[in-house]
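Student: Letter 56 of the sequence shown, counting from 1, is numbered 55 in numbering that gives the first Met the number 0, and no numbers are missing.
Once you've had a glance at the structure underneath, I'll fire off some questions.
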Amino acid sequence: MFKKILVPTDGSEQANKALKVACEMAIAIDGQLNILSVFKHHSFIEGSLSMLPRQINDKAHNLEDALGEYSKELVAEAKELAISFGVKKENVKGFVRIGPTTKEILEFVKDKDIEIVIIGKQGKGDLSGYLLGGVSHKVAGLSDIPVLVV
Numbered sequence: 000m001f002k003k004i005l006v007p008t009d010g011s012e013q014a015n016k017a018l019k020v021a022c023e024m025a026i027a028i029d030g031q032l033n034i035l036s037v038f039k040h041h042s043f044i045e046g047s048l049s050m051l052p053r054q055i056n057d058k059a060h061n062l063e064d065a066l067g068e069y070s071k072e073l074v075a076e077a078k079e080l081a082i083s084f085g086v087k088k089e090n091v092k093g094f095v096r097i098g099p100t101t102k103e104i105l106e107f108v109k110d111k112d113i114e115i116v117i118i119g120k121q122g123k124g125d126l127s128g129y130l131l132g133g134v135s136h137k138v139a140g141l142s143d144i145p146v147l148v149v
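This is the structure in structure tokens:
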């Protein structure tokens, strides 16, 4: 059975659904739940700082700082949610990476010996008309381990 689970998050509704499924699995197997948020350099235009939560926007000195803070908050919130769902605190780990999302997820899988990825079918950046979002589709297609798309 899987002992090391990865759930990437971007704070979207689908990512939170994937988190819930990942938590259920982690509880059932007493496994390690790894929560990952990835952001890209300059993935938004500078004016998009206003789209981030005000408390983050106020802390940020530049776009990269703002995105980094936002990613850290997403991970912290997801960790709290996982613990509230019943995952043991010591089994929940959070990570933030910088770079192309799919590439960073797949590298994280190798770096941490992840055994299954549980990912939302569409994130915040995906077009709603597609069955699978770009990242979930690429991760599922390129991963060497099982990927559960929620």
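Just so you know, even glycine gets a beta-carbon here, dropped at the ideal spot from N, CA and C.
(1) Among M0, K16, S83, which residue has its Cα nearest to the Cα of I118?
(2) Going by DSSP, what residues sit across from Q121 in a beta bridge?
(3) Give me the residue from Q121, K92, K87, E63 with the minimum Cα distance to A75.
(4) Considering only C-alpha positions, which residue in the set F38, D64, Q121, E79 is nearest to I104?
(5) Would you call L73 buried or exposed, if buried means 16 or more other Cβ atoms sit within 10 Å of its Cβ?
(6) Once the 5 residues before and after K78 are set aside, which same chain residues still bring their CB inside 7 Å of it?
(7) For L18, which residues of its own chain have a beta-carbon under 7 Å away from its beta-carbon, when the five flanking residues on both sides are left out?
Tutor: Per the coordinate set shown:
(1) The sequence position of residue 118 within the sequence shown is 119, counting from 1. Looking at the Cα atoms, K16 is the closest of the given residues.
(2) Walking along the sequence shown from the start, residue 121 turns up at place 122. Within the DSSP secondary-structure output, Q121 pairs in no beta bridge.
(3) Mapped onto the sequence shown, residue 75 falls at position 76. Nearest C-alpha to A75 among Q121, K92, K87, E63: K92.
(4) The residue you call residue 104 lines up with position 105 of the sequence shown. Nearest option by C-alpha distance: F38.
(5) Against the sequence shown, residue 73 aligns to sequence position 74. A residue is called buried when at least 16 other Cβ atoms come within 10 angstroms of its Cβ; L73 meets this threshold and is buried.
(6) In the sequence shown, the residue the question calls residue 78 occupies position 79. Sequence-distant partners of K78 (beyond 5 residues in either direction) whose C-beta falls short of 7 Å from its own C-beta, in its chain, are I34, V91, G93.
(7) On the sequence shown, residue 18 is found 19 positions in, with the first residue counted as 1. Closer than 7 Å at Cβ, skipping near neighbours: V6, T8, A77, L80, A81.
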